[in-house]
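Below: one structure, written as structure tokens.
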Amino acid sequence: MDVQKDSKRRLNLIAYVCYFFTGALITTLGLVLGPVSAAFNKDPGFIGQMFTLLNFGLFVPILVGGVLMQKYSIKSLLAIASAVTIALTVVLTVVPSITLFGFTVLMIGAAAGITMAVGSYLVVRINPDPKDRSSSLIFTDFFFSFAGVVLPVILGYLFKHNASWLVMYFLMSAISLLLIVLIAKAKFPTVEREVKSEDGTAIKEPWGKAIYYVCFAAFAFIYAELVFTMWLPTYLQDAVKLPVDTAALYVTLYWGSKAIGLWLNHYTVRYVQLRTFLIASAIVGTASIATIANVPQATVIGVALVCFGFFNSGIYSGLISYGSLQVKVSPPSLISTILTCGSVGTLIFASVSAYIFSNYGLHWALNSSVIVYVFALIGIILAGSCSKAEELHGKLGL
Numbered sequence: 188m189d190v191q192k193d194s195k196r197r198l199n200l201i202a203y204v205c206y207f208f209t210g211a212l213i214t215t216l217g218l219v220l221g222p223v224s225a226a227f228n229k230d231p232g233f234i235g236q237m238f239t240l241l242n243f244g245l246f247v248p249i250l251v252g253g254v255l256m257q258k259y260s261i262k263s264l265l266a267i268a269s270a271v272t273i274a275l276t277v278v279l280t281v282v283p284s285i286t287l288f289g290f291t292v293l294m295i296g297a298a299a300g301i302t303m304a305v306g307s308y309l310v311v312r313i314n315p316d317p318k319d320r321s322s323s324l325i326f327t328d329f330f331f332s333f334a335g336v337v338l339p340v341i342l343g344y345l346f347k348h349n350a351s352w353l354v355m356y357f358l359m360s361a362i363s364l365l366l367i368v369l370i371a372k373a374k375f376p377t378v379e380r381e382v383k384s385e386d387g388t389a390i391k392e393p394w395g396k397a398i399y400y401v402c403f404a405a406f407a408f409i410y411a412e413l414v415f416t417m418w419l420p421t422y423l424q425d426a427v428k429l430p431v432d433t434a435a436l437y438v439t440l441y442w443g444s445k446a447i448g449l450w451l452n453h454y455t456v457r458y459v460q461l462r463t464f465l466i467a468s469a470i471v472g473t474a475s476i477a478t479i480a481n482v483p484q485a486t487v488i489g490v491a492l493v494c495f496g497f498f499n500s501g502i503y504s505g506l507i508s509y510g511s512l513q514v515k516v517s518p519p520s521l522i523s524t525i526l527t528c529g530s531v532g533t534l535i536f537a538s539v540s541a542y543i544f545s546n547y548g549l550h551w552a553l554n555s556s557v558i559v560y561v562f563a564l565i566g567i568i569l570a571g572s573c574s575k576a577e578e579l580h581g582k583l584g585l
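Adding 187 to a residue's 1-based position in the sequence shown gives its number in the numbering used here.
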């Protein structure tokens, strides 16, 4: 069905809340790590390993997101994700055991995977124009980062005043309740299906090498960013000797500058080639993250965090847009594939970086993000070198 203007506004708002939900869960892992470890009397490395359950939960729905959206309505998927989050938060509050905590983070991670897959597809589906799609994806990603601005400040304040670690999941339930209210009267578009020939077989448009480079870059980018944000609070407290509330403000500084970058860059991509935007942003991002990880001076880190957040802001959503434009019609399976590759980074970052931390220390745990970020830059350059987007859609800001 065609998406009317009033319906498009509500669908965009739903996509924004979907991204805010996932951002709230992911961007606060480093801050929740300490309180959860203290509550269950476990080593931070152990809890870091447990967060792999969350990442696995996030990964699976994104992996099969294209199939889920073909089989079930988008409204049903979002309703189930929201209801599961609220129900498990209630149960965890009543029975706060380490086993139930593991199950809860697994299932809430799955809920976040659904919201991420649905939110991304909605934006692609209701924005067929290449410029609008790139701009809208970047602006939607703003709400992921906006969660990273708001939640660390709230949690930093609450944890400083001895609030329970459960407050994080109360906030997730509140977001879920908002999502239920929004989807109640929403009219969702139909999910695009594969074109079939007269004999009933699916006609598959070849993806090309650029999509696979985009997928690799998405994986490397997500892994690097999540490792960086997970260990940044510990690095700021242990290496730079900042108190916990100041470290939380530095985390907010990163997400705040990223949110500003997303806000501004959703205009930038209308006037700058998307390929140029991605490569230039990744180059500045590489220099910034390397500076942060290897120059333990508060002032230098503050400046580098602003640069890293701003130039890092539009890369992931830009990659999704660039990948979707490598074909004439973007099916859910293509968006799901790019998100899946990014989610592999989400799946392994906690366990791999926790292993590096336990065996090689904080310095290399943080610097592993720098190394992988360089791989993301290489992937972006390779994707740009063999892109079909410019040929298929014209220049149009690509």
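Glycine residues also receive a C-beta, built at the ideal position from the N, C-alpha and C atoms.
Annotation: A361 to L218 spans about 19 Å, alpha carbon to alpha carbon. When secondary structure is reduced to three states using DSSP, Y422 falls in the helix class.
Separation of the CB atoms of F536 and M417 is rounded to 7 Å, and the pair is thereby assigned contact status at 8 Å. Using a Cβ distance threshold of 7 Å, G235 and A552 do not count as a contacting pair.
The criterion of a C-beta distance shorter than 7 Å is not satisfied by A405 and L324. Counting the other Cβ atoms within 10 Å of the Cβ of S307 gives 16 or more, which makes it buried. In this model, P430 and Y437 are separated by some 11 Å (Cα to Cα). For Y458, no alpha helix (DSSP H) run applies, since DSSP gives it neither H nor E.
Put simply, the stretch 349–367 does not touch the stretch 477–491. Fewer than three CB pairs are less than 8 Å apart. Contact annotation, G496 with W442: C-beta distance approximately 7 Å; criterion of less than 8 Å satisfied. In the structure shown, N349 falls within a coil segment according to DSSP collapsed to helix, strand and coil. Residue ranges of uninterrupted beta strand (DSSP E) with 3 or more members are absent from the stretch 208–252; none lies entirely inside it. Secondary structure at S530: helix, using DSSP grouped into helix, strand and coil.
V438 carries a helical assignment under DSSP once its states are collapsed to helix, strand and coil.
The beta carbon of I261 lies closer than 6 Å to those of V305, F375 in the same chain, with the five residues before and after it left out. Bounds of the alpha helix (DSSP H) holding L287 are 285–313.
Counting along the chain, K262 sits inside the alpha helix (DSSP H) bounded by residues 261–281. Where T377 is concerned, there is no enclosing alpha helix (DSSP H), because DSSP gives it neither an H nor an E. Scanning its chain for C-beta atoms nearer than 6 Å, with the 5 sequence neighbours on each side dropped, one finds around F333 the residues A446, in chain order.
In the three-state reduction of the DSSP assignment, G489 falls in the helix class. Taking all protein chains shown into account, G571 has 16 or more neighbouring C-beta atoms within 10 Å of its C-beta and is therefore buried.
With 16 or more other CB atoms across the displayed protein chains lying within 10 angstroms of its CB, A434 is buried. If you check the CB distance, G300 and M237 do not come in under 7 Å. Going by C-alpha positions, P420 is about 27 Å away from N452.
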